[in-house]
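S.K.: Read in order, the letters of the sequence shown correspond to residues 20 to 78 in this note's numbering.
Built from N, CA and C at the ideal position, the CB exists for glycine as well.
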Amino acid sequence: FWINIILIGGVLVSLICLWQMDLKALIAYSSVAHMGIVLSGLMTMTYWGLNGSYTLMIA
Numbered sequence: 020f021w022i023n024i025i026l027i028g029g030v031l032v033s034l035i036c037l038w039q040m041d042l043k044a045l046i047a048y049s050s051v052a053h054m055g056i057v058l059s060g061l062m063t064m065t066y067w068g069l070n071g072s073y074t075l076m077i078a
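Structure (structure tokens):
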């Protein structure tokens, strides 16, 4: 349930990010979207989810 909400939120924030003209707001929305993806990967508690989240945090 929570993973679905996080992923939907990440997609919505990514769409908002596409319309931003202000660079600071663009970076802020992008960070929120990436942290949503990282959080959903961590919540799966699988090998691929944890490694993908770790890789996204480094990238």
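Using the C-alpha atoms, what's the distance from alanine 52 back to alanine 78?
M.R.: One C-alpha to the other measures close to 14 Å.
S.K.: Does the separation of the CB atoms of glycine 60 and glycine 71 fall below 7 Å?
M.R.: Against a cut-off of 7 Å, the Cβ pair of glycine 71 and glycine 60 comes out as a contact.
S.K.: Roughly how many whole angstroms lie between the Cα atoms of tyrosine 73 and valine 57?
M.R.: If you take the alpha carbons of tyrosine 73 and valine 57, they lie about 8 Å apart.
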